[in-house]
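Quick note on our numbering: the sequence shown kicks off at 359 and runs consecutively.
Here a beta-carbon is modelled for each residue, glycine too, at the ideal position from N, C-alpha and C.
Some notes on the structure that comes next.
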Amino acid sequence: MTTGSQADSPFRFYDNREKYLLFVNTCNEKQAIAERVAMDTTHVRPTPPAFRLFDAGMGDATVLTRVMRHLHHRYPIVPFQVVAKEISYQDVRISLDKMADRFHEHPLTVLVLTNMTYSEAPRLFPRSKSARERLNWQEVQLEGDSAFAFDEQIRSLGGLIDDWWQTRPSKRTGNPLYKDPSVLVIYRKDHQWPLASAIPQKGDISHEYDIVIAAQPFRARMPADLKVRNVLAPLARSLAPFGCMAVVQSTGKDPGMEIIRRIWPDESPFQTPRQILLRELRTQLQEDRPDLRFIDFMDSRSLFRYFLQVPPDEVTDRIGTSALLAAWNAATYVAQIDDERVGEAMSRHGEYLDVTRNVLETYQGLWFTDESFLVTRVNSG
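What follows is the structure, given as structure tokens:
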């Protein structure tokens, strides 16, 4: 990643890879999200030529690959077109490491990776003329019929990923922006003919999706109108008839937030609950997209938990330092507390560890609560 002076650049919490990697390896949020997406989209039925899935933030592909396995179980002989947006070249490399098995189990798969923005990625088409002139586009036909062979060829793409997924920080927000828009299309050469209609072509903008996954796609503190205008509305507009977008976000209604408020009593990062986002979606979309439906559920259906995964004896007996640090990291990661404030809290003679230990002992563990809601499209024909 290309960076300028850190003093001149806004801090962006999710660029902290150490926090992210510790979180995803000690908490099962991604597995819980995949289960929720599978449950929320069971009513979706594909139409020819393929089942079309868009992941609005692939990350390390834990959610995506689990959803792909679920869809293979439901539709073992249906072609899949899987389009995934991801700006981080590290996550693209990690994700590709998981894909050889997907191509082996489900040969009728077209995997499309892009670094474009939320408004561009669903159509695989940059907005500006200058960006379109710089568009990188490549098809990769995997040869052979084994996961080993596919993995060897996928790993050889490392140099291309490093080059095409270069970024620069936004001067306004600190968010990474692509240097050049890129699209990488991967499929099995021995299935090119039955996949022909599912392979996207450069310049074709008529892409619609049966499922859109929007799991934690924005910063918690972003205002609702911006969350919808910049992220959710463009994704909702990409739904195919009878398609479904599953949206997941944090709520703060959990012991994790209790840790945060004992250190920062006035902290309130989660100010756009699903009802506010649904209302804003209706406001921005109902006039020009009357075929969209915005579906809320009761809390008993919408809310779901995920957990810090530590050995039971580390909670019931003496809580080890590693468990405390993992819990503290998870709480501050979910609440999106910046490094400066985290460092300040950690310098106060172990107070943060005492608070974290007390919460873990009180609840015999640590969990967090997410919520989901849906946007669906009726048949506009």
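If you pair each beta-carbon of the region 469-478 with each one of the region 432-444, do three or more pairs fall below 8 Å?
yes
Since I believe Leu661 is in contact with Thr720 (beta carbons under 8 Å), could you give me their beta-carbon distance rounded to a whole number of angstroms?
Their Cβ separation, rounded to whole angstroms, is 20 Å, which puts Thr720 and Leu661 out of contact at 8 Å.
Quick check on Ile695: does DSSP put it in helix, strand or coil?
coil
How would you label Trp522, buried or exposed, when you count the other beta carbons within 10 angstroms and need 16 or more for buried?
buried
Give the list of continuous alpha helix (DSSP H) stretches no shorter than 4 residues that lie fully inside the region 428-503.
447-454, 458-463, 487-491
Whole angstroms is fine: what's the gap from Asp509's alpha carbon to Ala598's?
32 Å
Quick check: Asp654 and Arg632, are their CB atoms within less than 8 Å of each other?
yes
Rounded C-alpha distance that separates Asn737 from Asp649:
7 Å
With a 10 Å radius around its C-beta and 16 neighbouring C-beta atoms as the bar for buried, classify His707 as buried or exposed.
exposed
Say whether chain B places a C-beta atom closer than 8 Å to the C-beta of Leu515.
Chain labels in this structure do not include chain B; a single protein chain is all it has.
Opposing strand residues paired with Met603 [DSSP bridges]
Val570, Val733
Helix, strand or coil at Ala578 according to DSSP, with G and I counted as helix
coil
Looking only at C-alpha atoms, which of Pro407, Val450, Arg432, Ile391 sits nearest to Asp418?
Val450
Going by CA-CA distance only, name the one from Leu593, Arg699, Pro480 that's closest to Arg647.
Leu593
Given this structure, state the Cα-to-Cα distance separating Pro404 from Trp551, to the nearest angstrom.
19 Å
Under the three-state reduction of DSSP, which class applies to Leu380: helix, strand or coil?
helix
Would you be able to state if there are at least three C-beta pairs under 8 Å between the region 566-576 and the region 614-629?
no
Paired residues, beta bridge with Trp725 - DSSP:
Phe665
Look up Pro613 in the DSSP assignment and say whether it is helix, strand or coil.
helix
Pop quiz: Ala681 and Val668 are said to be a contact at Cβ under 8 Å. What is the actual Cβ separation, rounded to whole angstroms?
5 Å
Does DSSP put Thr399 in a helix, in a strand, or in coil?
coil
Taking one C-beta from the region 453-463 and one from the region 525-535 each time, how about it: are there three or more such pairs within less than 8 Å?
no
Beta carbon of Pro484 nearer than 8 Å to that of Pro539
yes
Specify the secondary structure class of Asn374 as computed by DSSP and reduced to three states.
coil
If you check the beta carbons only, do Leu724 and Leu683 fall under 8 Å apart?
no
Presumed contact (8 Å Cβ cut-off) between Ile571 and Ala604, rounded CB distance:
6 Å
Cα-Cα separation between Leu590 and Leu636, rounded to whole angstroms:
10 Å
Assuming Phe409 and Tyr433 make a contact with CB atoms under 8 Å, what is their CB distance in whole Å?
6 Å
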